[in-house]
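In what follows, a structure is listed as structure tokens, so that the remarks can point back to it.
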Ligand SMILES: Cc1cc2nc3c(=O)[nH]c(=O)nc-3n(C[C@H](O)[C@H](O)[C@H](O)COP(=O)(O)O)c2cc1C
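Numbering (my numbering), first residue to last: 148 to 370.
Next up, the structure:
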């Protein structure tokens with residue numbers, strides 16, 4: 148490899164949509180270890196877990212059903228890695244990844260989370276991930292209010308990707324939105340505001356998906 152020539156090559160100028168120009172150049176795109184990080188991400192995503200139920204996206208979607216009763220079986224590390232890696236594949240505003248994931252391992256902290264989540268007992272699941280908003284990562288020239296809106300969308304999408312990944316890996320989950328933000332922040336020791344908590348494990352029972360509204364009622368055609 149001709150390092151000398153590589154050095155002399157000018158980086159092509161980056162073009163951003165109006166308003167999306169980064170304030171600082173510390174986004175994921177320009178970070179020097181991007182390549183290493185992406186290699187790790189790809190490696191985790193492509194690695195084979197022990198078994199799959201079905202990884203066809205639409206089958207995964209059609210079979211997912213919330214679970215509030217989990218067996219004691221621990222979730223294998225290889226699956227946890229994939230669930231977390233899936234979150235990292237979600238789109239984020241400007242690719243600034245305005246979210247953080249807190250992986251709650253301590254049984255004592257899980258117990259405290261139950262109380263912080265309106266005494267919902269299933270928050271003590273084998274795998275508990277708290278998704279928090281981090282608007283300070285979103286380096287765009289928009290008002291603070293917009294950056295906060297981006298961060299909540301980033302964190303929500305990340306959690307949704309993890310939830311689908313859990314289903315694809317033969318696990319089940321429950322999305323927790325009912326919690327006292329301050330209490331959760333105290334338990335996980337952060338200043339960042341949580342957006343959702345994903346509780347994952349092996350379901351005690353496989354249930355049929357819940358009914359939904361008629362699609363025709365949901366869609367409003369706009370001409
Ligand atoms: C924003 C949001 C907040 C939720 N909060 C809770 C919660 O605090 N506790 C709970 O038991 N389920 C919670 N759920 C799960 C829903 O009750 C569940 O997804 C819904 O009943 C549909 O069932 P399904 O996921 O099996 O399709 C929440 C789901 C969403 C999307």
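For each residue, glycine too, the CB sits at the ideal point set by N, CA and C.
Using only alpha-carbon positions, find the residue among the options that is nearest to residue i.
i           : options               : result
residue 331 : 267, 216 and 223      : 267
residue 189 : 212, 229, 366 and 263 : 229
residue 282 : 217, 223, 297 and 288 : 297
residue 285 : 334, 245 and 217      : 245
residue 215 : 260, 262 and 272      : 272
residue 320 : 269, 334 and 242      : 269
residue 223 : 353, 356 and 349      : 349
residue 213 : 260, 201, 323 and 257 : 323
residue 261 : 292, 358, 204 and 335 : 335
residue 333 : 259, 194 and 186      : 259
For residue i versus residue j, is the C-beta spacing smaller than 8 angstroms?
i           : j           : result
residue 304 : residue 207 : no
residue 407 : residue 278 : In the structure as shown, the chain starts at 148 and stops at 370, and residue 407 therefore has no counterpart that could be examined.
residue 306 : residue 253 : no
residue 263 : residue 326 : yes
residue 280 : residue 340 : yes
residue 354 : residue 217 : no
Please report the Cβ distance between residue i and residue j, rounded to the nearest whole angstrom; I am assuming they are in contact, meaning their Cβ atoms lie under 8 angstroms.
i           : j           : result
residue 226 : residue 316 : 5 angstroms
residue 313 : residue 275 : Not quite, the Cβ-Cβ distance comes to about 12 angstroms (not below 8 angstroms), so this is no contact.
Is residue i close to chain D, meaning its C-beta is less than 8 angstroms from at least one C-beta of that chain?
i           : result
residue 274 : Although the question refers to chain D, the structure presented lacks it and comprises just one protein chain.
Point to revise | Sequence-ordered residues whose beta carbon comes within less than 5 angstroms of a heavy atom of ligand 1 | key: 212, 213, 322, 323, 324, 325 and 357
Review point. Counting pairs of Cβ atoms below 8 angstroms between the region 354 to 369 and the region 230 to 237, do you hit three or more?
Key: no
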